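Under my numbering, residues 4 to 484 are what the sequence shown spells out, in order. Even for Gly, the Cβ is constructed at its ideal location relative to N, Cα and C. Quick caveat: nothing in here was measured; it's all calculated off a predicted structure.
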Amino acid sequence: MQDRFVLTKGEYPLASAHWICEDERWALPEADVCIEVCDSLHLRKGLFSTSTFFYASCRDLFVASSSWLEVVNMLRSYGIPVSVDPCYVWQYLQSQCPLTNKTFCSGIYTLRSGEEVDQNFNSEPKAVLNEYVPEKLSGLWSTPDLRELLAASLQGVAFERTAFHLSAGLDSSILVILARESNPGSSIRSFTCKTLGRGAGDELRNVQKLACDYHLDLNVYDFSEVDVLLVGKRLIDAINYPIAHPSHLTRFLLDEAIAAENIDCIVTGRGADESLAGYQWHLPKYADPNMHKNRVSATARELLCLIFKENRESASFRKWLKDDPIGLGDRLQYDWWTIFESWNLIERRLEVFLNLKYLNPFLNRNLIKELFTIPKSNLVSKNILKNYLREYFRDTYPSYILEHPKHGLTIDINAYLMNYSSQEIIDAIFIDSQFAQEHLCRKEIEKLVNKTLTKTEKYGWQIWSLYLCSLASQKWGSGIL
4 MQDRFVLTKG EYPLASAHWI CEDERWALPE ADVCIEVCDS LHLRKGLFST STFFYASCRD
64 LFVASSSWLE VVNMLRSYGI PVSVDPCYVW QYLQSQCPLT NKTFCSGIYT LRSGEEVDQN
124 FNSEPKAVLN EYVPEKLSGL WSTPDLRELL AASLQGVAFE RTAFHLSAGL DSSILVILAR
184 ESNPGSSIRS FTCKTLGRGA GDELRNVQKL ACDYHLDLNV YDFSEVDVLL VGKRLIDAIN
244 YPIAHPSHLT RFLLDEAIAA ENIDCIVTGR GADESLAGYQ WHLPKYADPN MHKNRVSATA
304 RELLCLIFKE NRESASFRKW LKDDPIGLGD RLQYDWWTIF ESWNLIERRL EVFLNLKYLN
364 PFLNRNLIKE LFTIPKSNLV SKNILKNYLR EYFRDTYPSY ILEHPKHGLT IDINAYLMNY
424 SSQEIIDAIF IDSQFAQEHL CRKEIEKLVN KTLTKTEKYG WQIWSLYLCS LASQKWGSGI
484 L
């Protein structure tokens, strides 16, 4: 049974057994969420929570759940219409991971990690995102023992039913190395994949060498002939949400295959980029507000104005509007508020759909708090990302891992779209899609598709995103639109 919280104005809340109530304070421990019921509602979510939580208030009704679709269905059950929010779709296309509490449907919001919200009935929520401020250190800074902290997260792992994601990146590599060090006789099952175009397959030689050197049982799945339009439908069914980056598609394909191998738990390197500065926009030059904005912008405003029938532009990250440099701490915090949240949605839904658990050692709260104490000058050295991680394990990493640029478990959507005609792609987006027909300019989308198929431009990600939104329109039909 899915958790749910329902409050009608003037009445006592109706909540599923997942909730715990004490003195008008309702807690959902598994999501690290609490709701205080008084004259208004006060919602609060713990920092670094990897769970999802959604809520909506309409008329004299307030509903909430860790499932977005459950909130949609509750609103519908009370006769409240739910419609697609084109402003959110614009924001998603603009930045992939928008800094917003809005979701695909108008009036349904997500409660983000560290966020506090005051909510009155039938009004917009007043939300405050809290930054994590580490405790002030007394005396000299103490180097976090990464080896001990990461190894502690792997203690008690049942290796016979556990899978390790493996790319040639620093994060997944160090986890399998530490697992091997502490479990010299165990079978350690690692998994990666090959895809079309630029992506995970580019790192396969180093992954295979790592598996050989550390005696890992490596499985390599070949996704080079995947029908992405067909898989897109399966993905929507799995996550019950219409937005997913191509990297999320790779995770879905890989983890779906892993789950079929009698696996209960998947260990990932997720979280290291946000804590230890692993993205390109963590380099010093991106302290320039314009450079940072351009780097995290996936689609130009001019193109969005052509794609959409109406301008749906929203407010930008406030630090982009000033001339002051954006410090590394602010850029890291931005990623916690955006990229971290987008992956929470995907992982939580895949856990339910695939009946497995994810173990993310770099997202262990004790580890995160330690990492936040590291001076920002130690995270990036000149133009070397994840400098602290590199230096800490320099004597542990093989040279071919330290020296190889990471691609990660990504997928090149542009390469897969070459398997379709322009008409097939356009039909997949527009036929039976009220969203596409109402909000998108067909001729401009046709231009994007044709430029991509002729390799004059690369708009695969935008085409893929619009396709998923259209799938959602078709899947839920008039019930959601």
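Rank the options by C-alpha distance to the C-alpha of residue i and give the top, closest one.
i      : options                           : result
CYS215 : SER176, PRO249, LEU199 and GLU373 : SER176
TYR419 : GLU151, PHE226 and SER19          : PHE226
LYS385 : LEU348, LEU451, PRO287 and LYS360 : PRO287
CYS196 : GLY274, PHE255 and ASN125         : PHE255
ILE239 : LEU348, ASP6, LEU392 and ARG393   : LEU348
ILE3   : SER68, ARG192 and ASP63           : Outside the displayed range of the chain (4 to 484) lies residue 3, so it cannot be described from this structure.
ASN222 : LEU181, LEU233, TYR244 and GLU264 : GLU264
PHE375 : LEU149, GLN122 and GLY110         : LEU149
ASP35  : VAL87, PHE56 and PHE124           : PHE56
ALA241 : LEU72, THR11, ALA18 and TYR15     : LEU72
ASN123 : ALA59, ASP291, ARG334 and TYR400  : ALA59
TYR309 : LEU451, TRP467 and ASN104         : Correcting the residue identity first, residue 309 is Leu in this sequence and not Tyr. Out of LEU451, TRP467 and ASN104, LEU451 has the C-alpha closest to the C-alpha of LEU309.
ALA161 : LEU181, ILE191, LEU178 and LYS446 : ILE191
LYS48  : ALA260, LEU114, ASN104 and ILE23  : LEU114
PRO249 : LEU199, HIS218, ALA262 and LYS296 : LEU199
LEU307 : ASP435, GLY204, ARG201 and PRO89  : PRO89
GLY110 : ALA262, TRP323 and MET77          : MET77
LEU324 : LYS296, VAL234 and GLU394         : LYS296
GLN465 : SER436, ASP415 and LEU382         : ASP415
GLY204 : GLY411, TYR462 and ARG164         : GLY411
TYR217 : TRP467, SER193 and VAL231         : SER193
LEU382 : LEU331, THR457 and VAL87          : LEU331
GLY172 : LYS322, PRO187 and SER402         : SER402
ALA303 : VAL66, TYR462 and TYR15           : TYR462
ASN293 : ILE261, TYR400 and ILE329         : ILE329
ALA290 : ILE261, ASP333 and GLU151         : ASP333
SER300 : ALA260, THR341, ILE261 and ALA262 : THR341
HIS285 : ASN358, TYR400, LYS379 and PHE356 : LYS379
GLU14  : PHE65, PHE51, ILE432 and ARG79    : PHE65
GLN440 : HIS407, SER68, TYR423 and LEU474  : LEU474
GLN437 : ARG79, PHE8 and VAL87             : VAL87
TRP339 : LEU17, THR53, ASP326 and ALA18    : THR53
TYR423 : ASN358, ARG79, GLU228 and LEU392  : GLU228
SER70  : PHE51, PHE433, HIS21 and LEU44    : HIS21
ALA262 : ILE387, LEU357 and LEU219         : LEU357
With residue i and residue j assumed to form a contact (beta carbons below 8 Å), what rounded beta-carbon distance in angstroms separates them?
i      : j      : result
THR455 : ASN417 : 6 Å
ASP6   : LEU31  : 6 Å
LEU157 : SER185 : 7 Å
SER345 : CYS108 : With a Cβ gap of about 17 Å, SER345 and CYS108 do not count as contacting.
GLU134 : GLN336 : 5 Å
VAL85  : CYS472 : Incorrect: roughly 15 Å between the Cβ atoms, too far for contact.
VAL270 : PHE343 : Not a contact, Cβ separation roughly 18 Å.
LEU102 : PHE311 : Actually they do not touch by this definition, with Cβ atoms about 20 Å apart.
GLN283 : ARG298 : 6 Å
GLY281 : LYS389 : 5 Å
ASP258 : LEU132 : Actually they are not in contact, since the Cβ atoms of ASP258 and LEU132 sit about 29 Å apart, beyond 8 Å.
SER425 : GLU449 : 7 Å
LYS360 : ASP267 : 7 Å
ASN104 : TYR112 : 5 Å
GLY202 : THR413 : 5 Å
From the DSSP output, read off the bridge partner residues of residue i.
i      : result
PHE194 : HIS168 and ASN222
ARG28  : GLU25 and GLU39
HIS45  : GLU39 and ASP121
CYS108 : VAL87
TYR58  : ALA67 and TYR112
SER384 : ILE387
ALA18  : PHE8
LYS270 : First, the residue type needs correcting, since residue 270 is Val and not Lys in the sequence shown. VAL270 pairs with PHE167 and LEU362.
ALA130 : VAL120
Any heavy atom of the ligand NAD closer than 6 Å to the Cβ of residue i?
i     : result
LEU46 : Because no ligand of any kind appears in the structure shown, any question about the ligand NAD cannot be addressed here.
- Specify whether the segment 304 to 321 and the segment 355 to 373 touch according to this definition: at least 3 beta carbon pairs, one from each stretch, less than 8 Å apart. no
- Query: Does the segment 142 to 158 touch the segment 91 to 98, meaning 3 or more C-beta pairs lie closer than 8 Å?
  - Reply: no
- Message: Within 8 Å, do at least three Cβ pairs link the segment 37 to 48 to the segment 14 to 29?
- Response: yes
- Task: Count the CB pairs spanning the segment 273 to 286 and the segment 202 to 214 that are closer than 8 Å, and state whether there are at least three.
- Result: no
- Item | Cβ pair count under 8 Å reaching 3, the segment 348 to 358 against the segment 241 to 250 | yes
- What are the complete alpha helix (DSSP H) segments, minimum 4 residues, inside the segment 208 to 259? 231 to 242
- Message: Quick check for students: name the residue ranges of the beta strand (DSSP E) that lie wholly in the segment 410 to 467, counting only runs of 3 or more.
- Response: none
- Item | Residue ranges of each alpha helix (DSSP H) within the segment 275 to 358, 4 or longer | 275 to 279, 292 to 298, 304 to 310, 331 to 340 and 342 to 357
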